[in-house]
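Just so we're aligned: 69 in UniProt numbering is position 69 of the sequence shown, and the numbers increase by one with no gaps anywhere.
Here the structure comes first, spelled out in structure tokens, and everything after it is commentary.
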Amino acid sequence: MRHGKKVNHLGRTASHRKAMLSNMAASLILHKRLSTTVAKAKALRKYVEPLLTKSKNDTTHSRRTVFAYLQDKESVKELFDEVSVKIANRPGGYTRILKTGYRLGDNAEMCVIELVDYNEDMLTTTGTAGGAKKTRRRSSSKKKGTESTEASTPVTPEAEGTKEETKDAE
1 MRHGKKVNHL
11 GRTASHRKAM
21 LSNMAASLIL
31 HKRLSTTVAK
41 AKALRKYVEP
51 LLTKSKNDTT
61 HSRRTVFAYL
71 QDKESVKELF
81 DEVSVKIANR
91 PGGYTRILKT
101 GYRLGDNAEM
111 CVIELVDYNE
121 DMLTTTGTAG
131 GAKKTRRRSS
141 SKKKGTESTE
151 ASTPVTPEAE
161 GTKEETKDAE
């Protein structure tokens, strides 16, 4: 039974796990997305989201606290200068996990973990009001497209006769 055991140890010692999560968090902040296994991504999300929340308050104390976790000056600078500006109005949920399939070698479930405010593809699709209307238009245009192809083919008297013959045969 695993009552009260909230930390996924990921098959590593505490020091190895801490170093791995620190490196992954620094890479996520610098590159805005990271490809990894689902288990590591879920552990990383628990590790990095409190750091992102702390970055909203740009004080010396919060910078030192975040640096103690990340151990990387460049990522701390990036976090407080650029990332914190984008996530300032967001109340939480700064990361997104998108499952990508299974790894070839060991069949581990892979995913991409990314910062929500930095995925331009999803921001543009969700930003346009009328995503559902697009699908309706597309389906109706398919119907129009099939009608227009039938109407655009020239109808000869021989072709009309064959159509009538097939209808009579039915």
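Where is the CB? At the ideal position from N, CA and C, for every residue including glycine.
Please tell me whether residue 2 and residue 9 are closer than 8 Å, where the distance is taken between their beta carbons.
As a working mapping, residue 2 is identified with position 2 in the sequence shown. As a working mapping, residue 9 is identified with position 9 in the sequence shown. No; because the gap between Cβ atoms is not below 8 Å, this pair is not in contact.
Beta-carbon spacing of residue 75, residue 108 below 8 Å
Within the sequence shown, residue 75 is the residue found at index 75, counting from 1. Within the sequence shown, residue 108 is the residue found at index 108, counting from 1. It is not a contact, given that the beta carbons lie outside the stated cut-off.
Taking the alpha-carbon of residue 101 as reference, which of 35, 81, 78 and 115 has the nearest alpha-carbon?
Position 101 of the sequence shown, counting from 1, holds the residue named residue 101. Distances from the CA of residue 101 to each of 35, 81, 78 and 115 were compared; the closest alpha carbon is that of 35.
Give the range of the beta strand (DSSP E) segment to which residue 112 is assigned.
Position 112 of the sequence shown, counting from 1, holds the residue named residue 112. First-last of the beta strand (DSSP E) with residue 112: 109 to 115.
Which one of 33, 80, 125 and 114 has the shortest CA to CA distance from residue 58?
Position 58 of the sequence shown, counted from the start, is the residue given in the question as residue 58. Residue 58 has its Cα closest to that of 80, out of 33, 80, 125 and 114.
Could you check which residue in 20, 67, 83 and 13 has the C-alpha nearest to that of residue 37?
The count along the sequence shown starts at 1 and reaches residue 37 at position 37. It is 20 whose Cα lies nearest to the Cα of residue 37.
For residue 92, tell me which candidate among 77, 29, 117 and 23 has the shortest Cα-Cα distance.
In the sequence shown, residue 92 corresponds to position 92, counting from 1. Closest option to residue 92, Cα to Cα, is 117.
Cβ-based burial, residue 40 [other Cβ within 10 Å; buried from 16]:
Translated into positions along the sequence shown, residue 40 becomes position 40. Looking at its Cβ environment, which holds 16 or more other Cβ atoms inside 10 Å, residue 40 is buried.
When the Cα atoms are used, what is the spatial distance from residue 13 to residue 65?
Along the sequence shown, read from residue 1 onward, the residue named residue 13 stands at position 13. Along the sequence shown, read from residue 1 onward, the residue named residue 65 stands at position 65. About 23 Å.
Give the DSSP-derived three-state secondary structure of residue 96 in the structure shown.
Translated into positions along the sequence shown, residue 96 becomes position 96. In this structure, residue 96 counts as strand in the three-state DSSP scheme.
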